[in-house]
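Numbering (the working numbering), first residue to last: 10 to 337.
Idealized CB from N, CA, C, for every residue including glycine.
I have placed the structure first, in the form of C-alpha cells, so that the comments after it can refer back to it.
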Ligand SMILES: [Fe+2]
C-alpha cells in the first residue's frame, strides 16, 4: 500500500475541492519523480507532439506567448536552459506516457475521491510544467477543473473571483467553451485588486472552481509543478451551459446570461449544446484548436536560452484579440 500523498488534508480540504479556492499540502516530491535527472528523462522520452516549449516576453501586461522548437537539445540541456533562461516547458498527457508519474497522480485523485463522498474525477489529464525562475503565464481560464500541484521553486499565483462576470464575462466564457477563443481571455491590471494572491511553495496544491481566471509569475528557482485537469458530469454541464449561452446569442439572437449548472434549464442547455456539436460534426464544421506559430528555437548561446526564428511581427495579437477583430 503506497504512503498517502494527501496525508495532511483536513476533511474541510476535501470538501472544498471544486467548490472554492484553497491551498493544501501534498507529498508528490517524496516520490522522487521530480528530480533534475528524472525530469530530463521525461523530456527525452516524451512524444514530441505533446512537448510544449514556450516563452512569453518580459512584461506580464503584454501578451506575447510563443511556441518554439527543441533544436536537437537533450533533456539535460533543456533543464539547464530553463534554469537560466526564460522558458516554459509543458509535458502534456503525462498520464498516457509516464507510468510512474501516472500512478502517483492517479493516487492523489483517488485519495480525493475517497475523502469527498460523491466526488468523481473523470477524464483525468496531467501536464508537467518545468519553467524558468522569472517565467510567467498570462491571465486565462481552464475549461476542465484544474488543480496546480507545486513541487519545486516558488511562484506567485493570482486567482480572480469565480463565476463573476467582471473578470470573465458570460460572452467571453461562451466563446471559450464554444471553441471560438483560446483559454487566454481579456485581462486588465485593475482586476488584480480583487485577486487572491498566493506565493506557492514546494509541496503546496492550489486549486479553484472551474473556469476561474488566474495567472502565474514565477518568483525564484527552477519551477516544477503538475497541472492536473478532470471533468465529471457537472463540469461537462458547466461547459455546455456556456456553450449553449453562446449559441443562443449568436445563432438565435437571444441573450442568455444564466450560468447555473443545476436544474432543468441547465440540462436543456446541455442537450442543446450537444445537439449542435453533433450537427457540426456531421457536416464537418468542427472548430479547430488555435495553434501558436513556431516563432523561436532553443539556443545554448542566447541570453534567455532561445532566439527568434525571424523578426518579431509588430502587431502580433493574442488569440482572443484575433478572433475579436475577425468579428466572430
Ligand atoms: Fe491554468
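- Remark: the shortest separation between the CB of residue 313 and any heavy atom of ligand 1 does not fall under 8 Å.
- In the three-state reduction of the DSSP assignment, residue 32 falls in the strand class.
- About 16 Å separates the beta carbons of residue 158 and residue 231, which is beyond the 8 Å limit, so they are not a contact pair.
- It is roughly 14 Å from the alpha-carbon of residue 61 to the alpha-carbon of residue 236.
- Not one heavy atom of ligand 1 is found less than 8 Å from the C-beta of residue 48.
- For residue 109, same chain residues with a beta-carbon under 7 Å away, outside a window of 5 residues either side, are 42 in chain order.
- Between residue 64 and residue 301 the beta-carbon gap is near 11 Å, outside 8 Å, which marks them as no contact.
- Out of 149, 318, 319 and 309, the CA that lies nearest to the CA of residue 82 is found in 309.
- With a cutoff of 9 Å on beta-carbon distance, residue 224 and residue 203 are scored as not near each other.
- Residue 105 and residue 95 have their C-alpha atoms some 28 Å from each other.
- Residue pairing of residue 207 in beta bridges, as defined by DSSP: 166.
- Between the segment 120-128 and the segment 70-77, the count of C-beta pairs closer than 8 Å stays below three; the two stretches do not touch.
- Shown here, residue 305 sits in a strand according to DSSP, grouped into three states.
- By the criterion of at least three beta-carbon pairs nearer than 8 Å, the segment 269-283 is in contact with the segment 245-253.
- Counting along the chain, the unbroken alpha helix (DSSP H) around residue 86 starts and ends at 84-93.
- Within the chosen limit of 8 Å, ligand 1 does not reach the beta carbon of residue 227 with any heavy atom.
- Bridge pairing for residue 152: absent [DSSP].
- Judged by the Cβ position, residue 234 fails to qualify as a neighbour of ligand 1 at the 8 Å threshold, every heavy atom of the ligand being at least this far.
- Measuring C-alpha to C-alpha distances from residue 168 to each of 289, 286 and 177 identifies 177 as the nearest.
- In the DSSP assignment, residue 184 falls outside any beta strand (DSSP E) and within the unbroken alpha helix (DSSP H) covering 179-186.
- Secondary-structure assignment with DSSP links residue 100 through a beta bridge to 60 and 137.
- The C-alpha of residue 266 is placed about 32 Å away from the C-alpha of residue 165.
- Sorting 124, 222, 93 and 59 by C-alpha distance to the C-alpha of residue 16 places 124 at the top.
- In this structure, the C-beta of residue 214 stays at least 8 Å away from each heavy atom of ligand 1.
- Between the C-alpha atoms of residue 184 and residue 32 there is a straight-line separation of about 30 Å.
- Assignment of residue 315 by DSSP, reduced to helix, strand and coil, places it in the strand class.
- Inclusion of residue 140 and residue 87 in the CB contact set at 9 Å is not warranted, their separation being larger than that value.
- A distance below 9 Å separates the beta carbons of residue 28 and residue 218.
- Setting aside the 5 residues that flank it on each side, residue 80 is surrounded in the same chain by 306, 307 and 308, each with a C-beta closer than 8 Å to its C-beta; the list follows chain order.
- In the DSSP assignment, residue 79 falls outside any alpha helix (DSSP H), carrying neither H nor E.
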